[in-house]
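What follows is a single structure, written as structure tokens, with notes after it.
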Amino acid sequence: MHQVDARGLACPQPVILVRRAMHAHSALEVLVSSQDSINNILRLTEKQGWYSEQEERDDGVLIRLHQQQPAVDAQAAAVVQAPKAGKLKKVVLLTSNVLGSGPQELGEILSRSLLFALSEVEEQPDTLIFMNSGVELVIEGSPALESLAKLQESGVEILACGTCLDYLDLRDRLAIGTVSNMYSIVEALLGADRAITL
């Protein structure tokens, strides 16, 4: 079984190493040392349909990954899933806790209004990504939490940059969404039919 030692590596290196190994191998053992690495790797492998098992060890956490062997149903294999007509995948990237470059207070009002409007419109984005000071919108005490909760309940994925949360010392205050990494963020942006940066 192929082994990947991702202990002590900064985000997104563990995910990149695992993704590369997944292309070449059907079974992997990955050794990691942080909970963020575990979460990010499991998110990646789950999306790809891989099975996982975890084992706590003295030198870290060992994740065993196995490519899922899909059961082939002859009738189901003959059916090709057509994409939904008119449904484009939309991603919104928020890189600041304020909208625009005017007065701070106005920018805060506008960002809250934007998130409220997004929670009320019929055609919502698929993913909201918060980076840089934008992560301040997803922490405890943020005036945008009610709108974000409504968006999340309606199926909008909310991602918060882990490096940004750490740099701003806000990780412990995350109130909504999932801590993500740059690799997953880039994948979301490049996989979108329409990406909007605010």
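If you use the numbering used here, the sequence shown closes out at 215, no skipped numbers anywhere.
Beta carbons are placed, not taken as given, at the ideal position from N, Cα and C, and that holds for glycine.
Asked, Found
"What number of angstroms, rounded off, separates the C-alpha of Ala-94 from the C-alpha of Leu-127?", "Reliability fails at Ala-94, whose pLDDT of 42 lies under 50, so the model's placement of it is uncertain and the value that follows must be treated cautiously. Each residue's alpha carbon lies about 49 Å from the other."
"Pick helix, strand or coil for Glu-70, following the three-state DSSP scheme.", "strand"
"Per DSSP, what kind of secondary structure is Glu-157 in: helix, strand or coil?", "coil"
"Decide yes or no for the touch test of the segment 162-180 against the segment 63-74: beta carbon pairs closer than 8 Å, at least 3 of them.", "no"
"Which whole-angstrom value is the C-beta distance of Leu-45 and Leu-82, which I expect to be below 8 Å?", "4 Å"
"Helix, strand or coil, according to DSSP, for Ile-80 in the structure here?", "strand"
"Report the rounded CA-to-CA distance for Gly-77 versus Pro-29, giving the unit in angstroms.", "18 Å"
"What is the DSSP secondary structure of Asp-183, reduced to helix, strand or coil?", "helix"
"Counting C-beta neighbours from all protein chains within 10 Å, is the total for Ser-130 16 or more, i.e. buried, or is it exposed?", "exposed"
"Work out the CA separation of Cys-181 and Leu-191 for me, nearest whole Å.", "11 Å"
"Quick one: is Thr-144 buried, meaning 16 or more other Cβ sit within 10 Å of its Cβ, or exposed?", "buried"
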